[in-house]
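For what it's worth, the working numbering labels the leading residue of the sequence shown as 660, then goes sequentially. From the three backbone atoms N, C-alpha and C, an ideal C-beta is built for every residue, glycine too. To start, the structure under review is shown below, and the notes come after it.
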Amino acid sequence: MKPRSVLIELQPKFERNAAIALANTQLRRNMGKATQTIRAKRAAVVHELDDWEALREAGRAIKERTLRHLDGYLLQLETAVQRAGGHVHWARDAEEANQIVVRIAQGHGAREVIKIKSLTTDEIKLNAALKAAGITATETDLAELIIQLAGEHSSHILVPAIHKNRAEIRELFMRTLGLAELSDEPKELAAVARAYLRQKFLSVPVAVSGGNFAVAETGAICVVESEGNGRMCLTLPEVLISVVGIEKIIPTWQDMEVFLQLLPRSSTGERMNPYTSIWTGVAEGDGPREFHLVLLDNGRTNVLADEVGRQTLNCIRCSACLNICPVYERTGGHAYGSVYPGPIGAILTPQLVGVEQAASLPYASSLCGACYDVCPVKINIPEVLVHMRGKAVRHKQDAGGLKALLDPENAAMRALATMFGSRTLYEAAQRLGKAGQGPLVRDGYITWLPGLLSGWTAMRDVPAVPDETFREWWEGREDRETGGQGDGGAGGGQP
Ligand code: SF4
């Protein structure tokens, strides 16, 4: 199913954005400190489990089995949610999902909704859609609130304000919440946010959440979080709307035991999240009176159709791949220009929106493989990156027109294809290379090339064209074996 409109906001030129981010030394300092801390915490709790690799394998296997039978599990989930008193809505794309949420909120006369941190609602730009309908959405996660007050976008899946330090947050709170005095002590900053949010929890009638897992067998939805704001949103308002991507489904209740071990350890480096909320439909006298589940496609079925790319849908959004990635650590999340930054964003975003919309993202990686090593559901991110790079190149080649004809990479590839297709041209190129490389060679390598090719040698050395080609070496082997005596016929035997 092709999404009619995918509302992920893109600034697709990663290399341009990265160059700007790299010049920001404060950002690099903040990012380096934060990612190193989370990495160390994760490593400590992962190493204390003897069966970590078996857990990863189990997570991968459950996700892959689920995707193979996704249609059946989705229908099973729908039946289970309805049986438990909930309402299920199907949204093909961002537009449909936003319309559903707006309609429900308006149906209850809501002028305001409170939100639990949710990447899925960020992906569909729900807050903007609500605003357009005259409804204010207030983020209740501390970091999301900081981002919202700053009018910025998140830069990390789990820690949206990772690029901000305490002093910057203090200044933001004083400016936007009208405070005359405030220290940059975390306790005091949290107290300010708590006081601001508490009256929202108690007065706003509609809450919107995402969902970490949706259990097909029972219709239960699970949200894991650290601050308790989610628990407040899930229990206090009259109406709860959960927008959940169709890939978040797991078949059985028992499967949760695998993911509830994998996720907290991989994300916050904890053995268990402080708050794990699980709800099934509605219950008399407990929690919301009305529950709506919005099941979102928005390009996911396109990802499912790609045999290599579909493993991306295994993702449980833990952010371990971001924290380990040397590229992400240096550029931060904004450089990716997408709700999903880091290695997972580099493979997910181009698949959701089409590679032509985000062709630079699969190149935002050194392919070192660290992301694959830490991924709790064993997504082979480097494999998908290379696959997406192939798609990006093919798209450029297939685009046609003058732009495609004059594209330097396309032109270089056409020239190389012509050269490799002709022995005469190939040997001529070898002779030319040998003759022209002289001053560029140092210790057997070409360390500098002119013009556009300098982009390659800026980071890598190219082996010099050898004095003797393989063919020349092969043809001269008999001479070498006989000490230059050929087949012995003309040389006259042994001395
Ligand atoms: S790709 Fe793997 S490591 Fe990265 S966020 Fe998803 S589950 Fe976590």
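Bounding residues of the beta strand (DSSP E) (the contiguous stretch that carries lysine 692): Where lysine 692 is concerned, there is no enclosing beta strand (DSSP E), although the alpha helix (DSSP H) it sits in stretches over 684 to 706.
Whole-angstrom C-beta distance between leucine 817 and serine 926, which should lie under 8 Å: Contact holds; Cβ gap of about 5 Å.
Alpha-carbon to alpha-carbon, histidine 728 and phenylalanine 832: 48 Å
Sequence ranges, alpha helix (DSSP H) only - wholly within the region 744 to 809, length at least 4: 753 to 766, 778 to 782, 785 to 791, 801 to 809
DSSP three-state assignment for glutamate 1140, whether helix, strand or coil: In the structure shown, glutamate 1140 adopts helical secondary structure according to DSSP, grouped into three states.
Nearest-angstrom Cβ-Cβ length linking leucine 955 and glycine 904, presumed shorter than 8 Å: 5 Å
At least three beta-carbon pairs within less than 8 Å, the region 1067 to 1074 to the region 1008 to 1018: no
Length of the line joining the Cα atoms of alanine 1087 and arginine 675: 38 Å
Alanine 1029 beta carbon near the ligand SF4 (any heavy atom closer than 6 Å): no
beta-carbon arginine 976 near the ligand SF4 non-hydrogen atom, thresh 6 Å: Arginine 976: yes, Cβ under 6 Å from the ligand SF4.
The beta strand (DSSP E) enclosing leucine 952, as first and last residue numbers: 949 to 955
Beta strand (DSSP E) segment containing tryptophan 1132, residue limits: That residue, tryptophan 1132, is in no beta strand (DSSP E); its alpha helix (DSSP H) goes 1129 to 1134.
For leucine 1091, the first and last residue of its enclosing alpha helix (DSSP H): 1082 to 1095
Bridge-paired residues (DSSP) for cysteine 881: Phe872, Ile937
Run of the beta strand (DSSP E) containing glycine 889, from where it starts to where it stops: No beta strand (DSSP E) contains glycine 889, which is instead part of the alpha helix (DSSP H) from 888 to 894.
Residues near valine 772 by beta carbon distance below 7 Å, same chain, minus five either side: Closer than 7 Å at Cβ, skipping near neighbours: Ala764, Leu789, Ile794, Ala796, Val863, Val865, Ala866, Val867.
Rounded straight-line distance, which links the Cα of leucine 848 to that of glutamine 685: 21 Å
Three CB pairs or more closer than 8 Å across the region 882 to 902 and the region 797 to 815: The region 882 to 902 vs the region 797 to 815: in contact.
Nearest residue (CA-CA) to arginine 976, options Lys776, Arg853, Asp752: Lys776
Three-way DSSP call (helix, strand, coil) for arginine 1119 in this model: coil
Helix, strand or coil at arginine 1101 according to DSSP, with G and I counted as helix: Strand.
Helix, strand or coil at aspartate 1126 [DSSP, three-state]: coil
C-alpha distance - valine 1052 paired with arginine 1090, whole-angstrom precision: So the alpha carbons of these two residues sit roughly 30 Å apart.
Limits of the unbroken alpha helix (DSSP H) element including serine 901: Per DSSP, serine 901 belongs to no alpha helix (DSSP H); it is in the beta strand (DSSP E), 898 to 904.
For valine 867, three-class secondary structure by DSSP: strand
The ligand SF4 heavy atom lying under 6 Å from the CB of valine 1121: no
8 Å contact criterion, which leucine 681 and arginine 969 should meet: CB distance rounded: Between arginine 969 and leucine 681 the Cβ distance is about 33 Å, and since that is not below 8 Å, they are no contact.
Burial state of lysine 846 (16 or more Cβ within 10 Å): exposed
C-beta contact flag for proline 1035 and leucine 919 at 7 Å: no
Own chain residues within Cβ distance below 6 Å of alanine 743, not counting five before or after: Gly878, Thr939, Gly940
Contact under 7 Å by Cβ, alanine 717 with valine 917: yes
Length of the line joining the Cα atoms of asparagine 1039 and leucine 708: 22 Å
7 Å CB neighbourhood of alanine 994 in its chain, flanking five on each side removed: Phe673, Asn676, Ala677, Ala680
Test item: CB-CB of valine 1158 and histidine 748 under 7 Å: No answer is possible for residue 1158: the residues shown for the chain start at 660 and end at 1154.
Supposed close pair histidine 822, methionine 690 - CB separation, criterion 8 Å: Contact flag correct, Cβ pair sits at about 6 Å.
Check: isoleucine 1038 C-beta below 6 Å from any heavy atom of the ligand SF4: Yes, the beta carbon of isoleucine 1038 sits closer than 6 Å to at least one heavy atom of the ligand SF4.
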